[in-house]
Amino acid sequence: MSINPVGSTPLSSSILASTPAIMGGESKDVGWEEFSVTLARQIKETDRMQKDAKELTDRALLGNAGVSIHEAQIAGSKAELHLRLLMQVRNKALDVYREIMSMPA
Amino acid sequence: MDDFLTSFRVTSSGLSAQRMRLNIIAENLANAQTTRTPEGGPYKRKDPVFMAKPFDQMLSREQIAGTTGVTVERIHVDERPPRMQYDPNHPDANADGYVAMPNVDPVAEMVNMMAASRAYESNVTVLNASKAMAMKALEIGR
Amino acid sequence: MAEFGLLGSGGAFKANLMNLRHRRQEIIAANIANADTPGYKARRLEFEDVLRDSMPPPDELPMAHTTRTHLPTQAIPPIEGDLQEVEIPIPKRDKNSVDLEQEMARQSANQLLYNYAAQSMNAQINQMRMIIQGNSTP
Numbered sequence: 004m005s006i007n008p009v010g011s012t013p014l015s016s017s018i019l020a021s022t023p024a025i026m027g028g029e030s031k032d033v034g035w036e037e038f039s040v041t042l043a044r045q046i047k048e049t050d051r052m053q054k055d056a057k058e059l060t061d062r063a064l065l066g067n068a069g070v071s072i073h074e075a076q077i078a079g080s081k082a083e084l085h086l087r088l089l090m091q092v093r094n095k096a097l098d099v100y101r102e103i104m105s106m107p108a
Numbered sequence: 006m007d008d009f010l011t012s013f014r015v016t017s018s019g020l021s022a023q024r025m026r027l028n029i030i031a032e033n034l035a036n037a038q039t040t041r042t043p044e045g046g047p048y049k050r051k052d053p054v055f056m057a058k059p060f061d062q063m064l065s066r067e068q069i070a071g072t073t074g075v076t077v078e079r080i081h082v083d084e085r086p087p088r089m090q091y092d093p094n095h096p097d098a099n100a101d102g103y104v105a106m107p108n109v110d111p112v113a114e115m116v117n118m119m120a121a122s123r124a125y126e127s128n129v130t131v132l133n134a135s136k137a138m139a140m141k142a143l144e145i146g147r
Numbered sequence: 108m109a110e111f112g113l114l115g116s117g118g119a120f121k122a123n124l125m126n127l128r129h130r131r132q133e134i135i136a137a138n139i140a141n142a143d144t145p146g147y148k149a150r151r152l153e154f155e156d157v158l159r160d161s162m163p164p165p166d167e168l169p170m171a172h173t174t175r176t177h178l179p180t181q182a183i184p185p186i187e188g189d190l191q192e193v194e195i196p197i198p199k200r201d202k203n204s205v206d207l208e209q210e211m212a213r214q215s216a217n218q219l220l221y222n223y224a225a226q227s228m229n230a231q232i233n234q235m236r237m238i239i240q241g242n243s244t245p
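Chains as they are written, first to last, in the working numbering: chain D, 4 to 108; chain L, 6 to 147; chain R, 108 to 245.
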């Protein structure tokens with residue numbers, strides 16, 4: 004498998020793509036729908052990375068399955084970073100939701 | 006795509022081969038004055054014959070081109086004539102008073118020994134470096 | 108692998124691997140201890156090939172049985188490993204087949220990969236703990 008350079012991850016590009024639409028608020032009805040799509044994609048991406056990392060690590064653990072340790076470690080670190088980011092995004096989203104709910108009507 | 010076990014295998018095959026070479030040199034030096042052998046005649050010096058051994062029987066799925074270890078294919082017996090030394094009192098002296106001494110040159114053997122010992126050390130260095138690299142790889146992301 | 112719960116088939120795989128590496132370490136230790144025992148044959152514990160073929164699928168966590176009609180999930184039985192005696196190309200006079208350098212190198216690699224498995228297991232546990240606690244800063 005190929006390792007994406009940091010910064011060219013599909014996640015960050017998708018966030019950047021959706022940002023101007025939210026900031027500008029030009030035409031389409033963008034808002035929670037857009038965010039949920041981004042979130043869903045992020046979850047899917049993270050899941051895929053976790054599975055890739057697991058596969059690579061299991062093979063590297065055997066020692067002779069043609070996967071080197073650094074390859075597996077890098078994939079594992081990447082997957083973990085994305086998982087941490089996903090958790091932060093989820094926590095922030097929940098915070099925002101609570102804040103909105105506690106606003107006086 | 007390669008795993009670090011390959012370098013371990015290659016290096017340890019080098020270590021084994023160099024140790025066998027050292028053993029043979031020790032045998033040659035120990036028998037530098039031996040005039041009697043079970044086969045008859047003086048001791049004949051021996052030489053290990055090294056052969057590059059590709060790891061195609063290796064467990065790795067990918068065929069790794071160019072990674073070959075070394076193995077001692079056989080032990081060659083030096084058939085050069087014995088050194089004739091004049092010593093009429095020696096029990097193995099012939100009618101003319103000459104003794105057939107082994108064709109071992111102790112000085113050449115010592116040089117050979119130093120080379121073998123250096124080669125062994127360099128294999129150890131490579132093994133340690135491979136291990137250190139793998140250990141460093143384990144630190145990625147910690 | 109029900110007994111590994113949240114750690115799933117990946118946890119079972121690593122535990123199995125660590126067991127096997129532990130056994131291999133013992134066998135290498137026996138080989139090194141008997142490096143000068145006349146007639147002793149070096150032994151090898153082989154398991155990589157079998158283990159690779161039985162590698163767990165990437166999708167995690169066994170499904171719960173909520174009705175009786177659900178098919179049981181296939182639990183992967185632990186691998187035992189195959190113990191073999193080995194010969195060296197040029198036999199020694201005392202019929203001992205231990206090659207000290209090979210054993211040391213194998214011991215070194217085995218130890219390293221054992222550590223790797225332990226570290227990987229740790230990472231998996233920590234990640235699961237992080238998910239349960241719901242905060243991404245440990």
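Glycine residues also receive a C-beta, built at the ideal position from the N, C-alpha and C atoms. Remember, predicted model here, so these are calculated numbers, not experimental data.
Query raised in the report: So what's residue 111 of chain L in DSSP terms, helix, strand or just coil?
Result: Walking along the second sequence from the start, residue 111 of chain L turns up at place 106. In the structure shown, residue 111 of chain L sits in a helix (DSSP, three-state: H, G or I).
Requested in this report: Could you pull out every residue in the same chain whose Cβ sits closer than 8 Å to the Cβ of residue 186 of chain R, ignoring the five residues on either side in sequence?
Outcome: The residue given as residue 186 of chain R occupies position 79 in the third sequence. Result list for residue 186 of chain R: 123, 127, 154, 157, 158 and 161, in chain order.
Report task. Check whether the Cβ atoms of residue 28 of chain L and residue 50 of chain L lie closer than 9 Å to each other. Result -> As a first step, residue 28 of chain L must be located in the second sequence, where it is residue number 23. As a first step, residue 50 of chain L must be located in the second sequence, where it is residue number 45. Contact flag unset, no.
Query raised in the report: residue 153 of chain R by DSSP, collapsed to three states: which one?
Result: Here residue 153 of chain R refers to the residue found at position 46 when the third sequence is read from its first residue. Residue 153 of chain R falls in the strand class under three-state DSSP.
Requested in this report: Take residue 20 of chain L as the anchor and find which of R:209, R:214 and R:200 has the nearest alpha-carbon.
Outcome: In the second sequence, counting from the first residue as 1, residue 20 of chain L sits at position 15. Nearest of R:209, R:214 and R:200 to residue 20 of chain L, Cα basis: R:209.
Query raised in the report: Does the region 61-72 of chain D come close enough to the region 220-237 of chain R to have 3 or more Cβ pairs within less than 8 Å?
Result: yes
Query - Proximity below 9 Å, CB of residue 72 of chain D to CB of residue 143 of chain L - result: Within the first sequence, numbered from 1, the residue matching residue 72 of chain D stands at position 69. Within the second sequence, numbered from 1, the residue matching residue 143 of chain L stands at position 138. Contact flag set, yes.
Query - residue 125 of chain L versus residue 206 of chain R - alpha carbon distance - result: To locate residue 125 of chain L, count along the second sequence from 1; it is residue 120. To locate residue 206 of chain R, count along the third sequence from 1; it is residue 99. Rounded to whole angstroms, residue 125 of chain L to residue 206 of chain R spans 15 Å at the Cα level.
Query raised in the report: For residue 129 of chain R, which of helix, strand or coil comes out of DSSP?
Result: Counting from 1 along the third sequence, the entry for residue 129 of chain R is found at position 22. Helix at residue 129 of chain R.
Query raised in the report: To the nearest angstrom, how far is it from the Cα of residue 230 of chain R to the Cα of residue 75 of chain D?
Result: What you label residue 230 of chain R is simply residue 123 of the third sequence in a count that begins at 1. What you label residue 75 of chain D is simply residue 72 of the first sequence in a count that begins at 1. Straight-line Cα distance between these residues: approximately 13 Å.
**Report entry** Residue range of the alpha helix (DSSP H) that includes residue 98 of chain D
**Finding:** Against the first sequence, residue 98 of chain D aligns to sequence position 95. 72-104 is the extent of the alpha helix (DSSP H) around residue 98 of chain D.
Query raised in the report: Which residue from R:224, R:132, R:140 and R:121 puts its Cα closest to that of residue 152 of chain R?
Result: Residue numbering aside, residue 152 of chain R sits at position 45 when the third sequence is read from its first letter. Considering only alpha carbons, the answer is R:132.
**Report entry** Within chain L, the residues that residue 76 of chain D reaches when beta carbons sit closer than 9 Å
**Finding:** Locating residue 76 of chain D in the first sequence gives position 73, where the first residue counts as 1. Under the 9 Å cutoff, chain L gives 142, 143, 144, 145, 146 and 147.
Report task. Flag this pair as yes or no: are the beta carbons of residue 46 of chain L and residue 105 of chain L separated by less than 9 Å? Result -> Mapped onto the second sequence, residue 46 of chain L falls at position 41. Mapped onto the second sequence, residue 105 of chain L falls at position 100. Cβ atoms of residue 46 of chain L and residue 105 of chain L: closer than 9 Å.
**Report entry** Straight-line gap, residue 216 of chain R to residue 99 of chain D (C-alpha atoms, nearest Å)
**Finding:** Indexing the third sequence from 1 puts residue 216 of chain R at position 109. Indexing the first sequence from 1 puts residue 99 of chain D at position 96. Answer to the nearest angstrom: the Cα atoms are 50 Å apart.
Requested in this report: Tell me whether residue 31 of chain L is buried or exposed, calling it buried when 16 or more other Cβ atoms sit within 10 Å of its Cβ.
Outcome: Numbered from its first residue, the second sequence carries residue 31 of chain L at position 26. Under this definition residue 31 of chain L is an exposed residue.
Query raised in the report: chain L partners of residue 192 of chain R, CB-CB under 7 Å?
Result: Sequence index remark: in the third sequence, residue 192 of chain R carries index 85 (1-based). What residue 192 of chain R touches in chain L: nothing, since even the nearest Cβ is about 17 Å away.
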